[in-house]
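> Here the sequence shown stands for residues 418 to 498, numbered as in the working numbering. Just so you know, even glycine gets a beta-carbon here, dropped at the ideal spot from N, CA and C. Only a predicted model underlies this, so the values are computations on that prediction, with no experimental measurement involved.
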Amino acid sequence: MGVAFLAATAGFLLGIALVIRNYRRRLVYLLGIPFTAGQIVLWYIVNEPTALADLSAAETVDKIAQTLLIALLLILLARRD
């Protein structure tokens, strides 16, 4: 799981850097959706929670943040600039 965490960190940092540099934002938003969703799926496969009670507070906050990020990316993609 350590390698997956490092890959996720690198991916999110790269995405942040590209958005800050205003480099092909729409493409970054578009790629950010499956990247973030993949993090949720990978976490689910590795941890196999059976109920909400199985989640720690940190995991709950993390999954909520990732879900909100996906929603935000969808909103940003839908916007007309």
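(1) One question on the structure: do Leu493 and Tyr440 come within less than 7 Å of each other, judged by their Cβ atoms?
(2) Suppose you measure from the CA of Leu431 to the CA of Arg438; what does that come to, to the nearest Å?
(3) Among the candidates Ile457, Leu448, Ala495, whose CA atom is the shortest distance from the CA of Val478?
(4) Assign Leu485 to buried or exposed, taking buried as 16 or more other Cβ atoms, counted over all protein chains shown, within 10 Å of its Cβ.
On the basis of the coordinates in this document:
(1) no
(2) 11 Å
(3) Ile457
(4) exposed
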